[in-house]
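So the sequences go chain by chain: A and B.
Each number in our numbering corresponds to the 1-based position in the first sequence with 27 added.
Each number in our numbering corresponds to the 1-based position in the second sequence with 27 added.
Glycine included, each C-beta is placed from N, C-alpha and C at the ideal position.
As the structure is a computational prediction, the values presented were derived from the model and not from experiment.
For reference, the structure discussed in these notes is given below.
2 protein chains.
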Amino acid sequence: VPGVDFAGAAMRDVMRGEETQIFGELARTGKREGRFVLPGTHSKWVRVGGGRIVEFSTYMTGEIFAACRNHTILGRLMEESATSPAAFARGVEAGANAGHPGALLNRLFGVRTAGLFGEIPGSGLADYLSGLLIGAEIADGAAGSTEAVGIIASDELEGRYRQAAAQLGIAAEVLDSDLALAGQLAIARAAGLIAASAEGAGL
Amino acid sequence: VPGVDFAGAAMRDVMRGEETQIFGELARTGKREGRFVLPGTHSKWVRVGGGRIVEFSTYMTGEIFAACRNHTILGRLMEESATSPAAFARGVEAGANAGHPGALLNRLFGVRTAGLFGEIPGSGLADYLSGLLIGAEIADGAAGSTEAVGIIASDELEGRYRQAAAQLGIAAEVLDSDLALAGQLAIARAAGLIAASAEGAGL
Numbered sequence: 028v029p030g031v032d033f034a035g036a037a038m039r040d041v042m043r044g045e046e047t048q049i050f051g052e053l054a055r056t057g058k059r060e061g062r063f064v065l066p067g068t069h070s071k072w073v074r075v076g077g078g079r080i081v082e083f084s085t086y087m088t089g090e091i092f093a094a095c096r097n098h099t100i101l102g103r104l105m106e107e108s109a110t111s112p113a114a115f116a117r118g119v120e121a122g123a124n125a126g127h128p129g130a131l132l133n134r135l136f137g138v139r140t141a142g143l144f145g146e147i148p149g150s151g152l153a154d155y156l157s158g159l160l161i162g163a164e165i166a167d168g169a170a171g172s173t174e175a176v177g178i179i180a181s182d183e184l185e186g187r188y189r190q191a192a193a194q195l196g197i198a199a200e201v202l203d204s205d206l207a208l209a210g211q212l213a214i215a216r217a218a219g220l221i222a223a224s225a226e227g228a229g230l
Numbered sequence: 028v029p030g031v032d033f034a035g036a037a038m039r040d041v042m043r044g045e046e047t048q049i050f051g052e053l054a055r056t057g058k059r060e061g062r063f064v065l066p067g068t069h070s071k072w073v074r075v076g077g078g079r080i081v082e083f084s085t086y087m088t089g090e091i092f093a094a095c096r097n098h099t100i101l102g103r104l105m106e107e108s109a110t111s112p113a114a115f116a117r118g119v120e121a122g123a124n125a126g127h128p129g130a131l132l133n134r135l136f137g138v139r140t141a142g143l144f145g146e147i148p149g150s151g152l153a154d155y156l157s158g159l160l161i162g163a164e165i166a167d168g169a170a171g172s173t174e175a176v177g178i179i180a181s182d183e184l185e186g187r188y189r190q191a192a193a194q195l196g197i198a199a200e201v202l203d204s205d206l207a208l209a210g211q212l213a214i215a216r217a218a219g220l221i222a223a224s225a226e227g228a229g230l
C-alpha cells in the first residue's frame, strides 16, 4: 500500500509509508481533519481534510543534522554528552527566526562560532544544531495555521518537537506513534480487502 | 594578520583570511564603501564603510552542497556531466523563494523529488542543488540593500554567482579574485610595517 505523491505549489513531494500512520490515527480517533508531523530523517508535515491527505511537505531535518554533524566542520567541536535542553532551546530560537530560507546557511555557521567563542560548550553543540534545524522546520511547517499539530514520533523526537513547539507558541499534541498497523487495516478496510469482522478477530 | 570576528544581531561570525581580499580590493580601487561576496565553502558577505569592515555574514553554502551531494540521499540520482545552466537557474528560483529559513529543508528534498519524477535529469541535479543553495544565499545576503555586490571568486564560482544575481535582479560586478597579496600589503602599510617605497620596490 505505502506511497503517496503530491504536487505542491513550490515542488512535488513524496511519502513512502508514513501515510499509514496518519490513517491509523484517523481510524483510531474517527477524526477527518487535522494536521500532523512525523519527525525523522525526512520529517513529514501532513494536512488532512475530509478524511484524506490534502497536502504534505517533507523536511530533510534528520538527514541534514546527521550530514552536518558527521561530514562538516560543525561536528568538530561537538562532544558526546547527555542532552542539553538549554542549548536545544537556544537553537530553536535561532532556527525559527524570520528571514529568507538562505538565512539557515548562515545560522548553521553559528553552530561553529557558538563553539569557537565559548557561547555554548562542546557538550551542547549537537543539541544546539538539533534545535536550530527542528526550530526552522517547525516555524515553516506550522506557518499559516493555528490548528494544533499532532506529533507522531518516537519518544526522543517526540520530546524535542513538543519542547520546540511549546517554545514557539505552537499548539501541539502528542499522539501514539505505533499507528502503522491500524493504518494498514484502515486502508485495507476502505479498499474492501478485509471485512470488519476479520479485523476484529485480530488480523 | 588574517582573522576578524564580528558580533552580529543574530550570531557571532568569524573570518580567517578572506578579509585580506577585501582590503586588496579597497587598496586597488581606492574605494572606502561597498559590499562584497567571497563565495566558497564558507561564503562571506561583507559590508565596508569608511574603509573598514563594518559587518559580515558567513553562509555554509559550499560545505552544505558537498555534504548533501556526498552524504545524503540527494546524491543518489546525480550523474556526472557537463554543467546544466537551465537546472542551475531552476534551483536559483527555488532557493530564493521567500519563506522561513526552514523552507530550505523542504526545498532540499525537492532535489530528490525533481529527480524521482523526472522533472530534472540526473545530469542536472547537482547544478539544481548548487543553484538552490546559491540562490538562497544570495537572496538572504543581498536583502535590504540595492547597492551593487562585488563578487570576488574563482572563475567557476564567479560565473555561478553572477548568473544567479542577474536572475534575481541583484546588481553585481565581478572583481579580481587575486587580491590577497595587495590586501596583505595594504594592511602592512596601514600598520606601518612597510614603507610605501619598499612596497613600490616589489615587496
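The beta-carbon separation of HIS98(A) and ASP167(B), rounded to 23 Å, does not stay under the 8 Å limit for a contact. Exclusion of the five residues before and after ILE80(A) leaves VAL31, GLU46, ILE49 and VAL73 as the residues of its chain whose Cβ lies within less than 7 Å of its Cβ. Scanning its chain for C-beta atoms nearer than 7 Å, with the 5 sequence neighbours on each side dropped, one finds around MET87(B) the residues HIS69, in chain order. Shortest Cα-Cα distance from ALA180(B) to any of GLU52(B), VAL41(B) and ASP40(B) involves GLU52(B).
In the DSSP assignment, GLU82(B) falls outside any alpha helix (DSSP H) and lies within the beta strand (DSSP E) extending over 79 to 86. At a cut-off of 7 Å between C-beta atoms, TYR155(A) does not count as an interface residue with respect to chain B. The C-beta of GLU45(A) comes no closer than 7 Å to any C-beta of chain B. Contact between the stretch 169 to 176 of chain B and the stretch 185 to 203 of chain B is established, with three or more Cβ pairs separated by less than 8 Å.
Using a CB distance below 8 Å, the part of the stretch 160 to 183 of chain A facing chain B consists of LEU160, GLY162, ALA163, GLU164, ILE165, ALA166, ASP167, GLY168 and ALA170, ordered along the chain. Taking ALA54(B) as reference, the option from GLU120(B), GLU185(B) and GLY78(B) with the minimal CA-CA separation is GLY78(B).
For GLU185(B), the secondary structure class from DSSP, reduced to helix, strand or coil, is helix. Cα atoms of GLU164(B) and GLU106(B): separation of roughly 24 Å, rounded to the nearest angstrom. Here GLY89(B) has GLY67 and THR68 as same chain residues with Cβ atoms under 6 Å from its own Cβ, once five neighbours each way along the sequence are excluded.
At a C-beta separation below 8 Å, TYR86(B) has these neighbours in chain A: GLY129, LEU132, ASN133 and PHE136. A contact between stretches requires three or more CB pairs, one per stretch, nearer than 8 Å, and the stretch 111 to 126 of chain A meets this requirement with the stretch 149 to 164 of chain A. Taking all protein chains shown into account, LYS58(A) has fewer than 16 neighbouring C-beta atoms within 10 Å of its C-beta and is therefore exposed. Under a criterion of Cβ atoms nearer than 8 Å, no residue of chain A is adjacent to ILE80(B); the nearest Cβ is some 16 Å distant. Taking 7 Å as the cut-off, the Cβ atoms of LEU152(B) and LEU104(B) count as close. The Cβ atoms of THR85(B) and PHE136(A) sit closer than 7 Å to each other. Taking the Cβ atoms as the reference, LEU143(A) lies roughly 17 Å from ARG96(A), outside the contact range of under 8 Å.
Residues are counted here when their Cβ sits less than 7 Å from a Cβ of chain A; for the stretch 29 to 42 of chain B these are ALA37, MET38, ARG39, ASP40 and VAL41, given in chain order.
Close partners of GLY126(B) in chain A (Cβ separation under 7 Å): PRO128 and ASP167. In this model, ALA93(B) and ALA193(B) are separated by some 24 Å (Cα to Cα). For PHE144(B), the chain A residues whose C-beta falls within less than 9 Å of its own C-beta are ASP32, ALA34, ARG39 and VAL41, listed in chain order. Per the DSSP secondary-structure output, SER70(B) pairs in a beta bridge with TYR86(B).
When the five nearest sequence neighbours on each side are left out, the beta carbons in the same chain lying within less than 7 Å of the beta carbon of ARG189(A) are those of ILE178, ALA199 and VAL201, in order along the chain. Under the Cβ distance rule, ALA198(A) does not count among the residues neighbouring chain B, no pair being separated by less than 7 Å. Of the candidates PRO148(B), ARG62(B), VAL41(B) and GLY149(B), the residue whose Cα lies closest to the Cα of GLY171(B) is ARG62(B).
Taking SER150(A) as the centre and dropping the five residues before and after it, the same chain places the C-beta of GLU106 and SER108 closer than 6 Å to its C-beta, in chain order.
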